Every structure is written in C-alpha cells, then in structure tokens.
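Asks: Dropping the structure in here first, questions after.
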Amino acid sequence: MPSFLSGVERDPLDTDFIRMSFRSFVQRGILIIMVVNPLHAILLWLNHSDWWPFSLIALFVQLPFYPLCAQHRSFAVFLPSVLMLFATVLVYILLFSKHFGSSAGFHYLIMSLIPLVIFAGRIGLKLKVFICLMMAIGMFMVELELRGVATSSVSVEALKQLRVLNLLICFITLSMLTFTHFVTVSRIQSKLQFLAAYDPLTQLVNRRRMGQLAEQEILQSRRQQYPLSVILADVDNFKMINDRHGHPVGDAALQHISELISTIARDTDSCCRWGGEEFLVLLPHTTLQGAMQVAERIREDVAATPLHAHELELEMQLTLGVAMLMPNEELAELIMRADTALYEGKRASRNCVVISDPQPS
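When we follow our numbering, the leftmost residue of the sequence shown carries the number -12, and every step to the right adds one.
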C-alpha cells in the first residue's frame, strides 16, 4: 500500500527481497514442521510414551494452515495463517517442555523460529530485536525452571534421545535457512552486478563499466609499454530507422550490430554500448593501423549483413572513428579524438572509417 494511503512511510529495511525471503523461509519451515511431529511421535511410541498421539494431533491441527501459507497467497491470508501456525508451534513446544522437562530439549526448538522473526516483513528492527530477546529469555527460563522436572514416565535414555533429536532439528533448520539465504543473496548479488555492468538490450558492458575497464587498461599499457587503441562506432541514419519502422526495429538493429561487433572482437577486447546508437571497442596491444583494420572489418561485416527483424530486411551501415592512446593522454581525451574522427566521417560520406591523427606528446 502506498505510504500516502497508509499514512506510514515504509521501513527501508522492509524490502521486497525481505518479504520474498520470509515467504520462502515459511515454505521451508512448513516442510520441517511436517517432518518434526512424526519424528517425535515415532520416538515417543518406541519409548512407550502415551504422548505420541499428541504429536500427530498437533500435525493435523497445523495441516489447514499449510496451504494458507503458500507462496502466492495474499498478505491478508498469508500473515494470519503464519501467525496461527507460529502460535501452534509455540504451544506445542511449551506443552511438551512442561511434560518432559528441559532434559528432552523441546524448548531448544524456539531457536529454529528466530530466522522467521528476523526475516519477517512489516516488523521494525527494534521489534524484531525485542521478540528475539524475549524468545531467548523464554528458552532459558524453561531450561532453568524445568531442569530435572518431568511428569512423564519415559526413561532417562528416552529423554536423551529426544534431546539429541531436538538439537539435530534446530541444527538442520538453522543450517537450511542460512544456506537458503546465502544462495538467494548470492543470486541477487550476481544479478545486481550484471545489471550494474551490462547494457540490458545489447548485453555489452555499459558506459560506466567500460570507463572502469578502460582506466585499468590505460594504467597497464603505460606500465608494460604496449599500444592501446579504441574504436568509436555510430549507426548511420539510426533516427530514420526508428522513425520509419518503430523502436522495436531500432532495438533489433542495435542487438544485431552488437552481435556482429562481439563476433569480430578478440577475447582481450572490451565492447561497450557507449550511448544511444554508439558503440565503443577497447583494443589492448593494438596499434593505430591494427585498430583501423578491425574497424574496417566491422564496417564491412555490418554493411554485408542485413538486419532481418519484424518481417523487414534492412541494410545497416556504420561510421567509425579510430584513435590510439598517446603518452600522458587521459581516457576522456582519447575518446574525444575518436569522437572527432567519427564525426569527420559523418560529415564526409558516412559508412567509413576515419583515423584520428596522433597528437604530439
């Protein structure tokens, strides 16, 4: 709900990622609960405890809430269902802790609920800290007050088995949720890094990332004394393509040209959508003459490979400017010289390669 309707500004920590993570955690938590209760029932039955049916009863009480906590349920259905499921688990833990005492370790299961509180959306950070603190205090209070207290008739060995099982459940739960969070964060981080460095249309590196790569390459070229050149290319009559055939065809043209440039470029070269219909190619270990040959090949391939898109066949052309890094020259100056050469070609005949004359150091 927008903040101007709710009257409350959204917490910056209450992100869509946190909300989706919470729903994912709930889904996995449900799977664990579905396994935990039968495991308790089996262990209690094997140790001749009359409480094994209560574990199955708890499972059947929780069953109606499982489909209501599904991933795509509306918040109005999802949140109350989660709270009710959360409450049934707490009641289950407290009842079994009181009956079997702290030696059985049922109160340790409270720890497995902490990730759900931390990743719950719409709960402020201070409230999350408070709830987790109360859960920790409650767990230790049960440990102290019920130590050695048990109204059940199960053996000491059975209590040890329950304790080990509950600790194992806590370990598996925390490990699984932590691993899930790690995988989710890693995937999102990878996606963010891609979005920050690559142009979504052409899949070439974007201008920001190219600036970083070029600066690094310039430092390397000066240290190791090797030539470095750039090619700046511009699509001829691109505005006319957009005006006559529409932006989808224009986008297809940019993708078409980017694929051709990437095919020609070496693995050590960097290709970039510099802006609009401009492309920049960074060529390490390449002289001005070598860069001109690469630019001419790009021009010829683009001219010889028509674009087939949206039931159209269009001939494409590029005008390219080429420049080689001079001593003590900065990246901006290098690009400016390539840009000047490019527009000399635009003013002349287009569909050509123009070399920037080396400037004296």
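Just so it is clear, CB atoms sit at the ideal spot from N, CA and C, and this is done for glycine as well.
Note that the structure is a prediction, hence the values are computed from the model and not measured.
Below 8 angstroms, how does it come out for the segment 190 to 203 and the segment 32 to 42: are there three or more Cβ pairs, yes or no?
Replies: Flag = no, the segment 190 to 203 and the segment 32 to 42 do not touch.
Asks: In the DSSP assignment, find the beta strand (DSSP E) that holds ARG260 and state where it starts and stops.
Replies: Looking up residue 260 in the sequence shown gives position 273. 257 to 262 is the extent of the beta strand (DSSP E) around ARG260.
Asks: Straight-line CA distance for HIS297 to ASN224?
Replies: Counting from 1 along the sequence shown, the entry for residue 297 is found at position 310. Counting from 1 along the sequence shown, the entry for residue 224 is found at position 237. Answer to the nearest angstrom: the Cα atoms are 19 angstroms apart.
Asks: Look up ALA91 in the DSSP assignment and say whether it is helix, strand or coil.
Replies: Against the sequence shown, residue 91 aligns to sequence position 104. Note: ALA91 maps to helix in three-state DSSP.
Asks: Please identify the residue among SER140, ALA282 and ALA183 whose C-alpha is closest to the C-alpha of SER36.
Replies: Here residue 36 refers to the residue found at position 49 when the sequence shown is read from its first residue. It is SER140 whose Cα lies nearest to the Cα of SER36.
Asks: Between THR349 and CYS339, which are expected to be in contact by the criterion C-beta below 8 angstroms, what is the C-beta distance as a whole number of angstroms?
Replies: Since the displayed the chain opens at -12 and closes at 348, residue 349 lies outside it and no answer follows.
Asks: According to DSSP, simplified to helix, strand and coil, what is TYR185?
Replies: Residue 185 sits at position 198 when you count from the first residue of the sequence shown. Strand.
Asks: Is the Cβ-Cβ distance between CYS355 and SER99 less than 9 angstroms?
Replies: This structure cannot speak to residue 355, because the chain is shown only from -12 to 348.
Asks: Taking C-beta to C-beta, are VAL76 and LEU96 nearer than 9 angstroms?
Replies: Numbered from 1 along the sequence shown, position 89 holds the residue referred to as residue 76. Numbered from 1 along the sequence shown, position 109 holds the residue referred to as residue 96. Yes; because the gap between Cβ atoms is below 9 angstroms, this pair is in contact.
Asks: Enumerate, from N- to C-terminal direction, the unbroken alpha helix (DSSP H) stretches of 4 or more residues contained entirely within the segment 102 to 178.
Replies: Complete alpha helix (DSSP H) runs here, min 4: 112 to 132.
Asks: Identify whether LEU191 lies in helix, strand or coil by the three-state DSSP scheme.
Replies: To locate residue 191, count along the sequence shown from 1; it is residue 204. Looking at LEU191 - three-state DSSP - the assignment turns out to be coil, as it is neither helix nor strand.
Asks: Thinking C-beta only, is MET311 closer than 9 angstroms to SER216?
Replies: Within the sequence shown, residue 216 is the residue found at index 229, counting from 1. Within the sequence shown, residue 311 is the residue found at index 324, counting from 1. For SER216 and MET311, yes; Cβs fall inside 9 angstroms.
Asks: Short check: CB of GLU144 to CB of SER89, under 9 angstroms?
Replies: What you label residue 144 is simply residue 157 of the sequence shown in a count that begins at 1. What you label residue 89 is simply residue 102 of the sequence shown in a count that begins at 1. No, these two residues do not count as a Cβ contact at 9 angstroms.
Asks: I believe VAL309 touches ILE205 by the beta-carbon criterion, under 8 angstroms. Please report the beta-carbon distance rounded to the nearest angstrom.
Replies: Mapped onto the sequence shown, residue 309 falls at position 322. Mapped onto the sequence shown, residue 205 falls at position 218. With 8 angstroms as the limit, VAL309 and ILE205 do not qualify as a contact, their Cβ atoms being about 17 angstroms apart.
Asks: Nearest by alpha-carbon distance to SER336: which of GLN304, GLU316 and PHE93 is it?
Replies: Sequence index remark: in the sequence shown, residue 336 carries index 349 (1-based). If we check each option's Cα against that of SER336, GLN304 comes out closest.
Asks: Suppose you measure from the CA of PRO214 to the CA of ASP254; what does that come to, to the nearest Å?
Replies: The residue given as residue 214 occupies position 227 in the sequence shown. The residue given as residue 254 occupies position 267 in the sequence shown. The straight-line gap from Cα to Cα measures roughly 17 angstroms.
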